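In what follows, a structure is listed as structure tokens, so that the remarks can point back to it.
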Amino acid sequence: DIVLTQTPLSLSVTPGQPASISCKSSQSLLHSDGKTYLFWYLQKPGQSPQLLIYELSNRFSGVPDRFSGSGSGTDFTLKISRVEAEDVGVYYCMQSIQLPVTFGPGTKVDIK
Amino acid sequence: QITLKESGPTLVKPTQTLTLTCTFSGFSVSTSGVGVGWIRQPPGKALEWLALIYWNDDKYYSPSLRSRLTITKDTSKNHVVLTMTNMDPVDTATYYCARKLYSTSSRRFDYWGQGTLVTVSS
Chain A
17 DIVLTQTPLS LSVTPGQPAS ISCKSSQSLL HSDGKTYLFW YLQKPGQSPQ
67 LLIYELSNRF SGVPDRFSGS GSGTDFTLKI SRVEAEDVGV YYCMQSIQLP
117 VTFGPGTKVD IK
Chain B
20 QITLKESGPT LVKPTQTLTL TCTFSGFSVS TSGVGVGWIR QPPGKALEWL
70 ALIYWNDDKY YSPSLRSRLT ITKDTSKNHV VLTMTNMDPV DTATYYCARK
120 LYSTSSRRFD YWGQGTLVTV SS
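Same order as they appear, the protein sequences are chains A and B. Numbering follows the numbering used here, with no gaps: position 32 of the first sequence is 48. Numbering follows the numbering used here, with no gaps: position 103 of the second sequence is 122.
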């Protein structure tokens with residue numbers, strides 16, 4: 017199974033400041049089709065996960081442009097350019113290049 | 020508008036079989052490249068993928084739970100059903116279903132249901 021590790025596991029951010037979350041994979045997530053099958057989800061308190069970023073760097077419909085995904089191979093980053101109060105919750109990275117689909121342990125983000 | 024909703028028992032006894040239904044709208048699981056998956060989340064813990072079924076009836080299971088899981092679809096009713104046998108208290112979790120794409124455009128879980136909390140206790 018592909019193991020995803022996230023750092024930090026918790027993050028406290030001042031509104032308006034940037035934030036960054038790292039996700040590292042035990043194997044490359046670059047497929048022969050040229051796509052990187054790394055995804056980012058946000059689970060707000062009491063809600064189901066919502067897709068933020070798909071295939072490394074594509075923002076899903078309705079996701080604000082303050083969210084961006086980057087990286088390559090086995091190292092990935094989710095960046096929030098200016099954190100807002102509504103961004104609190106747990107952020108998960110996920111891979112689907114290989115079954116079983118696996119998730120990272122999550123990074124809890126709250127507001128200072 | 021795409022929506023999914025999970026339904027099933029909120030409480031099951033150890034050794035019983037759990038049956039969960041995902042009822043969806045706004046898409047069809049008979050469309051090429053479309054599937055539905057199940058993911059669970061024990062209280063306070065991370066997400067765990069369980070099973071997937073695709074438009075062509077291909078089915079995939081978590082290796083650690085394969086012997087206990089069965090996933091089926093009813094295209095006419097827009098339902099996907101997950102059964103899990105021999106339930107144990109460690110299976111207590113919120114169970115989510117989500118649409119899964121498998122196409123040249125994407126392989127994402129994009130839309131998720133609200134989840135249903137299943138407690139396993141005698």
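Glycine residues also receive a C-beta, built at the ideal position from the N, C-alpha and C atoms. Treat the numbers as computed from the prediction; the structure is a model and nothing was measured.
Taking C-beta atoms as the reference points, Lys128 (chain A) and Ser26 (chain A) fail to come closer than 8 angstroms. Following the DSSP letters along the chain, one finds Ser38 (chain A) inside the beta strand (DSSP E) bounded by residues Ala35 to Ser41.
Under the DSSP assignment, Ala70 (chain B) falls in the beta strand (DSSP E) whose first and last residues are Glu67 to Tyr73. Below the 8 angstroms Cβ cutoff, chain B contributes Arg127 and Phe128 as neighbours of Phe55 (chain A), in chain order. Remark: C-beta atoms of Ile58 (chain B) and Tyr115 (chain B) approach each other more closely than 8 angstroms.
The alpha carbon of Pro82 (chain B) has as its nearest neighbour, out of B:Trp68, B:Leu39, B:Ser95 and B:Val139, the alpha carbon of B:Trp68. Here Lys124 (chain A) is bridged, per DSSP, to A:Ser26 and A:Val106. If you draw a straight line from the Cα of Lys64 (chain B) to the Cα of Trp74 (chain B), it comes to about 31 angstroms. Taking all protein chains in view, the Cβ of Leu37 (chain B) is crowded by 16 or more other Cβ atoms within 10 Å, so the residue is classified as buried. The beta carbon of Tyr79 (chain B) sits closer than 6 angstroms to the beta carbons of Leu71 from its chain, once the five residues preceding and following it are set aside; these are given in chain order. Of all C-beta pairs linking the stretch 33 to 48 of chain A to the stretch 97 to 108 of chain B, fewer than three are shorter than 8 angstroms, placing the two stretches out of contact.
For Pro82 (chain B), the residues of chain A that pass the 9 angstroms Cβ criterion are Asp17, Leu115 and Pro116, in the order they occur in the chain. Taking 8 angstroms as the CB threshold, Ala112 (chain B) stays off the interface with chain A.
Flagged as an interface residue toward chain B: Ser112 (chain A), by a C-beta distance shorter than 8 angstroms.
The straight-line gap separating the alpha-carbon atoms of Gly78 (chain A) and Leu68 (chain A) is approximately 9 angstroms. Approximately 20 angstroms separates the beta-carbon atoms of Thr29 (chain B) and Phe43 (chain B); this is outside 8 angstroms, ruling out the contact.
Gln133 (chain B) has a beta carbon lying within less than 8 angstroms of a beta carbon in chain A.
Look at Gly32 (chain A): its C-beta is not under 8 angstroms from any C-beta on chain B. In terms of Cβ geometry, Val31 (chain B) and Val99 (chain B) do not form a close pair [threshold 8 angstroms].
Within the stretch 94 to 109 of chain A, Tyr108 place their CB atoms closer than 7 angstroms to a CB of chain B, listed in sequence order. Counting only runs of at least 4 residues, the stretch 83 to 118 of chain B fully encloses no alpha helix (DSSP H) element at all.
A distance of 8 angstroms or more separates the beta carbons of Cys39 (chain A) and Leu58 (chain A).
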